[in-house]
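Encoded as structure tokens, the structure appears first; notes follow it.
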Amino acid sequence: MELLDAIRGRRSIRRFLDKPVPKDLVEKILRECTWAPSAMNTQPWYFYVVTGEAREKLVEICSQSFNLLEKRLRELFSDRHVEFVRWFFSTLGGAPLIVAVYTDRLKEPVYQTGAIESCSAAIQNFLLLAYAEGLGTCWMTGPLWVAKEINEFFGSEDKELVALIAVGYPEKVPRPPPRKEPFIRWIESL
Numbered sequence: 012m013e014l015l016d017a018i019r020g021r022r023s024i025r026r027f028l029d030k031p032v033p034k035d036l037v038e039k040i041l042r043e044c045t046w047a048p049s050a051m052n053t054q055p056w057y058f059y060v061v062t063g064e065a066r067e068k069l070v071e072i073c074s075q076s077f078n079l080l081e082k083r084l085r086e087l088f089s090d091r092h093v094e095f096v097r098w099f100f101s102t103l104g105g106a107p108l109i110v111a112v113y114t115d116r117l118k119e120p121v122y123q124t125g126a127i128e129s130c131s132a133a134i135q136n137f138l139l140l141a142y143a144e145g146l147g148t149c150w151m152t153g154p155l156w157v158a159k160e161i162n163e164f165f166g167s168e169d170k171e172l173v174a175l176i177a178v179g180y181p182e183k184v185p186r187p188p189p190r191k192e193p194f195i196r197w198i199e200s201l
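To get the numbering used here, take the position in the sequence shown, counting from 1, and add 11.
Written out as structure tokens, the structure reads:
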């Protein structure tokens, strides 16, 4: 698969087939995604892969974040869309596998920002690699509203949750959303 095809073809998937994802495939993707650039080459990422009964408990915790987001969602979207988001948060779309991405909790804000950005680069690699393997993903930051509870679930109170990624075989692939024109300004002299 060409890189540009992966970049343009990848979608956030919110409906997954009831089909397990091979463990060796996920481990391969995780190993490869860590070729991402990282601040000061710290490679500050930690991955927790959740399936089975543990997945059910994690989904239960994540569903609580909807209540904290609902007011803002209602400001932005139609009632129908909000109800779909409620369903997604309560099921994670039936994704058979969830990857939690963590980084170290650092005292200096600029270092913390670098660690989060480093993990974000690895996450983007993960999404593209998964797409190239026929998997669907959804990068989720909504669960950060219940990060304390998620941290307790993983026993990772000393780490910072960056995102969750729902992973599985897509049941439905949405159409590409329209793209905004990027803000680009060339500065050649002062």
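Cβ atoms here follow ideal geometry from the backbone N, Cα and C, with glycine treated the same way. What you are looking at is a predicted structure, and each value in this text was computed from that prediction instead of being measured.
query	result
Cβ distance (whole Å) where residue 174 is taken to contact residue 104 below 8 angstroms	Not really, about 15 angstroms apart at Cβ, beyond 8 angstroms.
As assigned by DSSP and simplified to three states, the class of residue 105	helix
The ligand ATP heavy atom lying under 7 angstroms from the CB of residue 176	Here there are no bound small molecules, and the ligand ATP is not part of this structure.
Whole-Å CB distance - residue 114 paired with residue 126, under 8 angstroms assumed	4 angstroms
Residue span of the beta strand (DSSP E) that contains residue 124, given as start and end	Per DSSP, residue 124 belongs to no beta strand (DSSP E); it is in the alpha helix (DSSP H), 120 to 143.
Contained beta strand (DSSP E) runs [length at least 3] in the segment 159 to 192, N- to C-terminal order	170 to 179
Pick from 108, 182 and 151 that is closest to residue 64, judged by C-alpha positions	108
The segment 18 to 32 in contact with the segment 64 to 81 per 3-pair CB rule at 8 angstroms	no
Straight-line Cα distance separating residue 199 from residue 144	42 angstroms
Inter-residue spacing [alpha-carbon to alpha-carbon] between residue 118 and residue 170	12 angstroms
With 16 other Cβ atoms within 10 Å as the buried cut-off, status of residue 100	buried
Spatially closest choice to residue 182 from 17, 15 and 27, by CA coordinates	27
Top-ranked residue by Cα proximity to residue 50, from 130, 106, 34 and 30	130
4-residue-minimum alpha helix (DSSP H) runs that sit fully inside the segment 60 to 115, ordered along the chain	63 to 87 and 90 to 102
Through-space distance from residue 116 to residue 139, alpha-carbon basis	27 angstroms
Integer Cβ distance of residue 164 from residue 18, believed to fall under 8 angstroms	Not really, about 33 angstroms apart at Cβ, beyond 8 angstroms.
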